[in-house]
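Enquirer: Basically my numbering = 1-based index in the sequence shown + 1218.
Idealized CB from N, CA, C, for every residue including glycine.
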Amino acid sequence: MHMNDCLEATHALMSAPRESLTRTTYNVTAISFTPAQLAEAIEKQLPGFAISYSPDFRDAIARTWPASIDDTAARRDWGWRHKHGIDDLVTQMLEDLSAQYQKNGSAAQQPLQAAPLQGSTVAAAAAA
1219 MHMNDCLEAT HALMSAPRES LTRTTYNVTA ISFTPAQLAE AIEKQLPGFA ISYSPDFRDA
1279 IARTWPASID DTAARRDWGW RHKHGIDDLV TQMLEDLSAQ YQKNGSAAQQ PLQAAPLQGS
1339 TVAAAAAA
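#1: Whole angstroms are fine: how far does the CA of C1224 sit from the CA of P1235?
#2: Taking 8 Å as the cut-off, does the stretch 1295 to 1309 touch the stretch 1249 to 1257 (at least 3 CB pairs, one atom from each stretch)?
#3: Tell me the rounded alpha-carbon separation between Y1244 and H1220.
#4: Within its chain, find whatever has a CB closer than 8 Å to the CB of V1308; leave out the 5 residues flanking it on each side and keep chain order.
#5: Comparing C-alpha positions only, which one of A1317, Q1320 and V1246 sits nearest to I1287?
#6: I'd like to know whether the C-beta atoms of L1231 and W1296 end up nearer to each other than 8 Å.
#7: Just how far apart, CA to CA, sit I1269 and R1241?
#8: Go ahead and pull the three-state DSSP assignment for V1246.
#9: How is S1233 classed by DSSP in three states: helix, strand or coil?
#10: Grab the span of the alpha helix (DSSP H) containing L1256 for me, first residue to last.
#11: Can you grab the Cα-Cα spacing for the pair G1323 / F1275, in whole Å?
#12: For A1248, which of W1298, A1317 and A1291 has the nearest alpha-carbon?
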């Protein structure tokens, strides 16, 4: 979930008319994607990006969770809808990483390169 969607959901719930709320707790959902879909979205913005992914040992635990969280009540009661998709998430992530690299003085003169993520290995990064 994009942080802006999370914040907007919190604000919308707090601003909803009390009479429209049918419960005291709500689930909200947004985007869901696979490592391959994430890599594809990154590659759109960083041509040449490639990743080799191996599931983390906790993946087996995650696969026991429900396939989706039901946010029907939030959609019905206070009009919840997420606004940001995977491309927005990747754009924000890359902007934040670039700013962090420049702030720390590393990679300021180099193209953005991805760092290894938990459970994955970066095979190649974006070329100049």
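Expert: The short version:
#1: 19 Å
#2: yes
#3: 17 Å
#4: L1256, A1259, I1260, K1262 and Q1263
#5: V1246
#6: yes
#7: 43 Å
#8: coil
#9: helix
#10: P1253 to Q1263
#11: 35 Å
#12: W1298
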